[in-house]
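Asks:
Numbering (mature numbering (1 follows the signal peptide of the UniProt record, and there is no 0)), first residue to last: -16 to -1, 1 to 276.
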């Protein structure tokens, strides 16, 4: 993931019964939730943009438009319940306006080679934040409600959601997706991971001319590496050292045309936990996995 452009861009198995109670807060050091695991050897860590192991991150999904000849991915997202995927509002804005049929691609890795483990589920409805502003890119968040429930397994499962007050400023976070490697390039066939740093609100505000008091965005910056087209809506995760699980701290939102000239701006998930819970309760009530 060498290059964000505003887009049109532990392992646990669960039965259908156990999925109904995936999030039971355990206390300050964690939850009983089965979420945020990675399928790799313990302690493995790669810094910089690089391809990662097949199905290493079970929570990442591709969001695609449905066409007569198949599926055309255009954004990323993350599983948060058996019935819901979270992504950016700028990924769903045109879908809603044009009534485009959309699906999520689960358990997918190499898009050039069909896999028997891959699952495709149509999107039944979209809950886009009512305050989304396409000019300022504020409230850039949407929830996709799926037409059928996801059956969680080793390679398909939910990411952990953050506690409302979680602050990862100064820490390493990881961006995941199939985004392009250069400006106006094609999306990659295999997903990549990029370790980057969550910078201070003041540093981000100075670069973009936005308010440093805005609690709904989190900015990241790495030398010569950033997100790019196709990465929008994809997960920005933080590995909780207490649980070794990945927590969704951001949704890729916008940046400086696939360059590192300015920090990438991501929607700060921790600022929207009550909203997320409301959307889930209003559609297909499901428990979400949130660190207490």
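Even glycine gets a Cβ: it sits at the ideal position worked out from N, Cα and C.
Given this structure, state the Cα-to-Cα distance separating residue 270 from residue 127, to the nearest angstrom.
Replies: Indexing the chain shown from 1 puts residue 270 at position 286. Indexing the chain shown from 1 puts residue 127 at position 143. Their backbone Cα atoms lie some 13 Å apart in a straight line.
Asks: Would you check if the distance between the CB atom of residue 220 and the CB atom of residue 146 is smaller than 8 Å?
Replies: Your numbering for residue 220 matches position 236 in the chain shown. Your numbering for residue 146 matches position 162 in the chain shown. The answer is no: Cβ separation not under 8 Å.
Asks: I'd like the ranges of any beta strand (DSSP E) spanning at least 3 consecutive residues and lying wholly in the stretch 123 to 155.
Replies: 126 to 130, all fully within the stretch 123 to 155.
Asks: Just how far apart, CA to CA, sit residue 274 and residue 22?
Replies: Against the chain shown, residue 274 aligns to sequence position 290. Against the chain shown, residue 22 aligns to sequence position 38. Roughly 17 Å separates the two Cα atoms.
Asks: What three-state label does DSSP hand residue 259 in the structure shown?
Replies: One-based indexing of the chain shown puts residue 259 at position 275. Helix.
Asks: Answer yes or no: do residue 43 and residue 141 have a C-beta to C-beta separation smaller than 8 Å?
Replies: On the chain shown, residue 43 is found 59 positions in, with the first residue counted as 1. On the chain shown, residue 141 is found 157 positions in, with the first residue counted as 1. Yes.
Asks: Please state if the CB of residue 111 and the CB of residue 129 are separated by a distance shorter than 8 Å.
Replies: To locate residue 129, count along the chain shown from 1; it is residue 145. To locate residue 111, count along the chain shown from 1; it is residue 127. In this structure, residue 111 lies closer than 8 Å to residue 129 by Cβ.
Asks: So, is residue 201 buried or exposed, given that buried needs 16 or more other C-beta atoms within 10 angstroms?
Replies: Working through the chain shown from its first residue, we reach residue 201 at position 217. That one is buried.
Asks: Label residue 231 either buried or exposed according to how many other C-beta atoms from any shown protein chain fall within 10 Å of its C-beta, with 16 as the threshold for buried.
Replies: Looking up residue 231 in the chain shown gives position 247. Under this definition residue 231 is a buried residue.
Asks: Taking only the alpha-carbon atoms, compute the straight-line gap between residue 218 and residue 198 and give it to the nearest angstrom.
Replies: Walking along the chain shown from the start, residue 218 turns up at place 234. Walking along the chain shown from the start, residue 198 turns up at place 214. Roughly 21 Å between the two C-alpha positions.
Asks: Reducing DSSP to helix, strand and coil, say where residue 177 ends up.
Replies: Numbered from 1 along the chain shown, position 193 holds the residue referred to as residue 177. Looking at residue 177 - three-state DSSP - the assignment turns out to be strand.
Asks: Residue 119: buried (16+ other C-beta within 10 angstroms of its C-beta) or exposed?
Replies: Within the chain shown, residue 119 is the residue found at index 135, counting from 1. It counts as exposed.
Asks: Between the stretch 49 to 65 and the stretch 73 to 90, can you find at least three pairs of beta-carbon atoms closer than 8 Å?
Replies: The stretch 73 to 90, when compared against the stretch 49 to 65, does touch it at the 8 Å Cβ threshold.
Asks: Output the boundary residues of the beta strand (DSSP E) element that contains residue 279.
Replies: A query on residue 279 cannot be resolved here, the shown segment of the chain reaching from -16 to 276 and no further.
Asks: State the Cα-Cα distance for the pair residue 107 and residue 263, rounded to the nearest angstrom.
Replies: Taking the first residue of the chain shown as 1, we reach residue 107 at position 123. Taking the first residue of the chain shown as 1, we reach residue 263 at position 279. So the two alpha carbons sit approximately 15 Å from each other.
Asks: Is DSSP giving residue 107 helix, strand or coil here?
Replies: In the chain shown, the residue the question calls residue 107 occupies position 123. Reduced to three states, the DSSP call for residue 107 is strand.
Asks: Below 8 Å on the Cβ atoms is my contact criterion, and I expect residue 256 with residue 79 to pass it. Report the Cβ-Cβ distance as a whole number of Å.
Replies: Here residue 256 corresponds to residue number 272 of the chain shown, with the count starting at 1. Here residue 79 corresponds to residue number 95 of the chain shown, with the count starting at 1. No, residue 256 and residue 79 are not in contact; Cβ-Cβ is about 20 Å, not under 8 Å.
Asks: On the criterion of 16 or more Cβ atoms from any shown chain inside 10 Å, does residue 72 qualify as buried, or is it exposed?
Replies: For the purposes of this step, residue 72 is taken as the residue at position 88 of the chain shown. Buried, because 16 or more other Cβ atoms sit within 10 Å of the Cβ of residue 72.
Asks: Thinking C-alpha only, which one of 182, 178, 102 and 134 is nearest residue 155?
Replies: Position 171 of the chain shown holds residue 155. Nearest option by C-alpha distance: 182.
Asks: What number of angstroms, rounded off, separates the C-alpha of residue 191 from the C-alpha of residue 75?
Replies: Within the chain shown, residue 191 is the residue found at index 207, counting from 1. Within the chain shown, residue 75 is the residue found at index 91, counting from 1. Cα to Cα, residue 191 sits roughly 24 Å from residue 75.
Asks: Along the chain, where does the alpha helix (DSSP H) containing residue 192 start, and where does it finish?
Replies: Along the chain shown, one-based indexing puts residue 192 at 208. Residue 192 -> alpha helix (DSSP H) spans 185 to 192.
Asks: Can you tell me the Cβ-Cβ gap for residue 104 and residue 272, rounded? I've got them flagged as a contact below 8 Å.
Replies: Translated into the one-based positions of the chain shown, residue 104 becomes position 120. Translated into the one-based positions of the chain shown, residue 272 becomes position 288. So it is not a contact: roughly 23 Å between Cβ atoms.
Asks: Leaving out five residues on either side along the sequence, give the residues of the same chain with a beta carbon under 6 Å from the beta carbon of residue 224.
Replies: In the chain shown, the residue the question calls residue 224 occupies position 240. Once the five neighbours on either side are set aside, the close Cβ partners of residue 224 are 231.
Asks: Buried or exposed, going by whether 16 or more other CB atoms sit within 10 Å of the CB of residue 153?
Replies: Taking the chain shown and counting its residues from 1, one reaches residue 153 at position 169. By the 10 Å Cβ count, residue 153 comes out exposed.
Asks: For the beta strand (DSSP E) that residue 48 lies in, which residues bound it at each end?
Replies: Translated into positions along the chain shown, residue 48 becomes position 64. Per DSSP, residue 48 belongs to the beta strand (DSSP E) from 44 to 51.
Asks: Is the separation between the beta-carbon of residue 205 and that of residue 180 shorter than 8 Å?
Replies: Within the chain shown, numbered from 1, the residue matching residue 205 stands at position 221. Within the chain shown, numbered from 1, the residue matching residue 180 stands at position 196. It is a contact, given that the beta carbons lie within the stated cut-off.
Asks: Assuming contact is defined by CB atoms lying nearer than 8 Å, are residue 138 and residue 160 in contact in what I supplied?
Replies: Locating residue 138 in the chain shown gives position 154, where the first residue counts as 1. Locating residue 160 in the chain shown gives position 176, where the first residue counts as 1. For residue 138 and residue 160, no; Cβs fall outside 8 Å.
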